[in-house]
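Contents: one structure, followed by commentary.
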Amino acid sequence: MPVERFAPSPTGPAHLGHAYSALRGFEAARAAKGRFLLRMEDLDSTRSRPLWEAALCEDLAWLGLSWETPVLRQSTRGAAYGAALEGLRRRGLIYPCLCTRRDVAEALSAPQETAAALGRSAAEATGPDGPAYPGTCRLHPPDPARLARAPYALRLDMRRAVAALEGEALEFVELEEGPRGETGLIRVDPAWLVEGCGDVALARKDAPASYHLAVVVDDAFQGVTHVTRGRDLFAATPIHRLLQALLGLPRPLYRHHRLIRDDRGRRLAKRDGDRSLAALRAEGWSPGDVRRAVGMT
Numbered sequence: 109m110p111v112e113r114f115a116p117s118p119t120g121p122a123h124l125g126h127a128y129s130a131l132r133g134f135e136a137a138r139a140a141k142g143r144f145l146l147r148m149e150d151l152d153s154t155r156s157r158p159l160w161e162a163a164l165c166e167d168l169a170w171l172g173l174s175w176e177t178p179v180l181r182q183s184t185r186g187a188a189y190g191a192a193l194e195g196l197r198r199r200g201l202i203y204p205c206l207c208t209r210r211d212v213a214e215a216l217s218a219p220q221e222t223a224a225a226l227g228r229s230a231a232e233a234t235g236p237d238g239p240a241y242p243g244t245c246r247l248h249p250p251d252p253a254r255l256a257r258a259p260y261a262l263r264l265d266m267r268r269a270v271a272a273l274e275g276e277a278l279e280f281v282e283l284e285e286g287p288r289g290e291t292g293l294i295r296v297d298p299a300w301l302v303e304g305c306g307d308v309a310l311a312r313k314d315a316p317a318s319y320h321l322a323v324v325v326d327d328a329f330q331g332v333t334h335v336t337r338g339r340d341l342f343a344a345t346p347i348h349r350l351l352q353a354l355l356g357l358p359r360p361l362y363r364h365h366r367l368i369r370d371d372r373g374r375r376l377a378k379r380d381g382d383r384s385l386a387a388l389r390a391e392g393w394s395p396g397d398v399r400r401a402v403g404m405t
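This is how it looks when you write it as structure tokens:
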């Protein structure tokens, strides 16, 4: 049975982009007589709020969506993320990192270190998380005494991780299309993972898991078979396929839909104060108006 999910972060009011993504997943599940799940990606403890979760649920119900209960919250999943990280640690695939954002920026401005870590220029090494981490703490492991007294992140040693596949091909199926029209069976380039993504963070100083780790662990736990999300996350899918292969997790199908933009072509975002669904509802909008606004009628 197909299983779709909508996984918002309760860090602010939902806008038309959230409505479009939720509606796409819900209608795909209904058309296939499958299941639709709601998951709260609330690992950002400084910004996630119960009031935003309640508002999200109210908005989705107003749109006519329903979902299975109880709702899964990532804030309750620390033990599962820890188990996944421990499995990777035992294989020597992760390492602690004390670097701050300033440290990373300074390292990336030093061409000799970046070239040594990545084998190419920093300008070419840009992945879904931005400029690829240059591997400072992999090349120069922190002193254990520092690790004992300071919080640190955990990063994936991308070269070792790719080598651990022992030649296994990484592929995923795209049901819609990527930013450059990619569709169907997509082959992941291992060299791009190493050189373009670099050593991505799997746990952060203030969170038990990064988005990359949490999403694959939770999709597997919930039996998600179809991942419907924005096209901006297409570039993260190779990382997710790598983690699924390393952790022995099932491979869902992917549907990366177009992004909803404003009249200037700018992608909608909570941080930019774009009009919320609650505000539109207060202005007299109906669920049908929302559907028309996002091109679903």
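Residue numbers (the numbering used here): 109 to 405.
Ideal Cβ positions, reconstructed from N, Cα and C, are used throughout, including at glycine.
In this text, all values refer to a predicted model and were calculated from it rather than measured experimentally.
Using a Cβ-Cβ cutoff of less than 8 Å, which residues in the same chain neighbour residue i once the five nearest sequence positions on both sides are dropped?
{"i": "A387", "result": "P121"}
{"i": "P395", "result": "W170, L171, G172"}
{"i": "V324", "result": "H348, L351, Q352, L355, L357"}
{"i": "G190", "result": "P316"}
{"i": "D397", "result": "L388"}
State the start and end residues of the unbroken beta strand (DSSP E) segment that holds residue i.
{"i": "Y362", "result": "361–365"}
{"i": "R113", "result": "111–114"}
{"i": "I294", "result": "292–295"}
{"i": "V335", "result": "334–338"}
{"i": "M148", "result": "143–148"}
How would you call residue i, buried or exposed, if buried means at least 16 neighbouring beta carbons within 10 angstroms?
{"i": "S153", "result": "exposed"}
{"i": "M148", "result": "buried"}
{"i": "L264", "result": "buried"}
{"i": "A162", "result": "exposed"}
{"i": "P242", "result": "buried"}
{"i": "T177", "result": "exposed"}
{"i": "L293", "result": "exposed"}
With respect to the alpha helix (DSSP H) encompassing residue i, which residues constitute its N-terminal and C-terminal limits?
{"i": "F329", "result": "319–329"}
{"i": "C205", "result": "No alpha helix (DSSP H) holds C205; the beta strand (DSSP E) holding it covers 202–205."}
{"i": "L406", "result": "This structure cannot speak to residue 406, because the chain is shown only from 109 to 405."}
{"i": "G133", "result": "124–139"}
{"i": "G195", "result": "186–198"}
{"i": "G396", "result": "395–401"}
{"i": "R389", "result": "385–390"}
Under 9 Å between C-beta atoms, does residue i make it to chain C?
{"i": "L301", "result": "No chain C is present in this structure, which holds just one protein chain."}
Residue i by DSSP, collapsed to three states: which one?
{"i": "A272", "result": "helix"}
{"i": "P250", "result": "coil"}
{"i": "A353", "result": "helix"}
{"i": "A311", "result": "strand"}
{"i": "M266", "result": "helix"}
{"i": "T208", "result": "coil"}
{"i": "P158", "result": "helix"}
{"i": "A277", "result": "coil"}
{"i": "G306", "result": "strand"}
{"i": "L216", "result": "helix"}
{"i": "P346", "result": "helix"}
{"i": "P298", "result": "helix"}
{"i": "T244", "result": "helix"}
{"i": "L255", "result": "helix"}
{"i": "L180", "result": "strand"}
{"i": "E282", "result": "strand"}
{"i": "A163", "result": "helix"}
With hydrogens ignored, establish whether the beta-carbon of residue i is closer than 8 Å to any heavy atom of the ligand ZN.
{"i": "V302", "result": "You won't find the ligand ZN in this model; it holds no ligand whatsoever."}
For residue i, which residues of its own chain have a beta-carbon under 7 Å away from its beta-carbon, when the five flanking residues on both sides are left out?
{"i": "S384", "result": "P121, A122, H123"}
{"i": "R157", "result": "P118"}
{"i": "A192", "result": "L321, V325, L355"}
{"i": "R181", "result": "M148, D150"}
{"i": "L273", "result": "A353"}
{"i": "V302", "result": "M266, R267, V270"}
{"i": "A401", "result": "L124"}
Could you pull out every residue in the same chain whose Cβ sits closer than 6 Å to the Cβ of residue i, ignoring the five residues on either side in sequence?
{"i": "R359", "result": "Q352"}
{"i": "E285", "result": "T291"}
{"i": "G392", "result": "none"}
**Message:** For the structure I just gave you, are there three or more beta carbon pairs, one from the region 255–274 and one from the region 325–342, closer than 8 Å?
**Reply:** no
**Asked** Quick check: the region 246–262 against the region 196–207, are there 3 or more CB pairs under 8 Å?
**Response** yes
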